[in-house]
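FYI, the numbering for the sequence shown is 2 to 383, going by my numbering.
Scroll down for the structure; my scribbles are underneath it.
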Amino acid sequence: MFRSTRIAVAVLLVLLILPALALAGNVVFLVRTGTDAEGNPMFRMADSRDTYLSSLFELTQSSKALYETTRYYDAVQKEKVAAALQQQGVTGAQLQYAQANFQTEPVFIEVTNSRSGSYNDWKGRFSVIYPNGQAYSFSSPRVVYALGGDVARSGNRSLIEQTLVHEVAHGVMAKAEGRNNLPDTPWLSKPHSGGSVSDDKLAFIEGWAEFIGAYFTGRQTIAGDPAGAIQTNWYGRGKNAQQLINTEGWNATVFYHIATQGASQNAMWKMTQVMARTQPQNTWQLLTNLVRYYPELAPTVNQVVYADSGGQIAGPGGQTGYASNYGTSGGASGNAGAPIKKNKTWVIVAPAGNRNVGYVVDSVTPIIRVNTSAVLPAPEIA
């Protein structure tokens, strides 16, 4: 008993101390200066010298969507702390202390003059020179934003905003699943679009990012596709079941409809939480694990999958359709993960607008701020 307690406390201290190397703040823009001693990219933090970044900096400061997305990125990192500590058997008090004091990494955005597209180097290693001259190394997702790319040159603020949120969302998946557990597919190096048919892993990877992009920006389409394409299930038209499974736009549609139709049950965060606990490799695995962790979401999940597939695919509770198309017998895949403990609850009072609201939460659920102008809840980080 004493040994397990010492281990838990040691893990707690390590988790609190190591991330302190990261700079506090939501977004850090990076300018390439060369390579570090290990041959990885070396950056400095952008500052007042980099006037060409002024419009991009202004966007990140004024965009509500980016603000919410960075807070979401922060919440996912805290969720991973909760998962690690729960596996060590820490007490509820220790868990709350860890989450309250854990210093998360910011969103790193490397800005280049490349004419290629933007992406997230989610398995990269790099070093950053801080203003005090000290260099720190990171193994962390990094958005690479191309100022010469079509999106940046378009001048379309909403498209630029959605692109940045999309790329941060790839970082969310990397933080949730862990860099060594991320889905891998040869399609990652091939061209793709919202309506293109690839495989179930790329459709999951890109579908999740497209979903987050639509969820936080309200721009319910992908790139230059028709307005409202996600909301109206445009990506699912004229496709059979297997093609739907392998289409990123359709995967994004399913996630979006589950999140919005299950908003009162906090479906978006629960999908994220299950991703962090079970490391699914495709959408089917995520949804199967979701309804096992949270049975109350099963009706919504099954209804959305069935409706969005035009009746071709049954939800995780069905006997045919989605499961057979994935070559499974309906069982969940990925890792079992740490159990999401709900045996203890707290009532937390927090400000919401001009009033205080009480929230009943379990040991790993962040406070939820409900935006009165939309039905999309987001994690609230104190």
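For each residue, glycine too, the CB sits at the ideal point set by N, CA and C.
Predicted model only: the values in this text are computed from it and were never measured.
- Under DSSP, residue 33 forms a beta bridge with 44.
- DSSP places residue 212 in the uninterrupted alpha helix (DSSP H) bounded by 201 to 218.
- When the five nearest sequence neighbours on each side are left out, the beta carbons in the same chain lying within less than 8 Å of the beta carbon of residue 33 are those of 42, 43, 44, 111, 113, in order along the chain.
- Per DSSP, residue 158 is one residue of the alpha helix (DSSP H) stretching across 158 to 178.
- Beta-bridge annotation (DSSP): residue 154 is not paired with any residue.
- Per DSSP, residue 56 is one residue of the alpha helix (DSSP H) stretching across 55 to 63.
- Counting along the chain, the unbroken beta strand (DSSP E) around residue 147 starts and ends at 144 to 147.
- In this structure, 161 is the residue among 180, 161, 142 with its C-alpha nearest to the C-alpha of residue 151.
- DSSP, read as helix, strand or coil, puts residue 228 in coil.
- C-alpha of residue 79 to C-alpha of residue 102: approximately 10 Å in a straight line.
- For residue 126, the enclosing beta strand (DSSP E) begins and ends at 126 to 130.
- The C-beta distance from residue 234 to residue 200 rounds to 21 Å, too long to meet the 8 Å contact threshold.
- Fewer than three beta-carbon pairs drawn from the segment 129 to 142 and the segment 66 to 73 are found closer than 8 Å, and the two stretches are therefore not classed as touching.
- Three or more pairs of CB atoms, one per stretch, sit closer than 8 Å, so the segment 249 to 261 contacts the segment 293 to 311.
- For residue 307, the secondary structure class from DSSP, reduced to helix, strand or coil, is helix.
- Counted as a single uninterrupted DSSP element, the beta strand (DSSP E) harbouring residue 136 occupies residues 136 to 140.
- Listed in chain order, the non-local C-beta contacts of residue 292 below 7 Å within the same chain comprise 298, 299, 302, 317, 318, local neighbours out to five positions each way being set aside.
- Under the three-state reduction of DSSP output, residue 121 falls in the strand class.
- Note that the segment 170 to 186 does not touch the segment 86 to 101; fewer than 3 beta-carbon pairs, one per stretch, sit closer than 8 Å.
- Going by beta carbons, residue 82 and residue 99 fall inside the 8 Å limit.
- Taking each of 91, 172, 188, 245 in turn and checking the Cα distance to residue 213, the smallest one comes out for 172.
- Around the beta carbon of residue 187, fewer than 16 other beta carbons sit within 10 angstroms, so the residue counts as exposed.
- When C-alpha distances from residue 28 are compared across 39, 205, 133, 105, the shortest belongs to 105.
- By the CB criterion at 8 Å, residue 148 and residue 67 fall outside the cutoff.
- Check the Cα spacing between residue 227 and each of 134, 35, 195, 40: the tightest is with 195.
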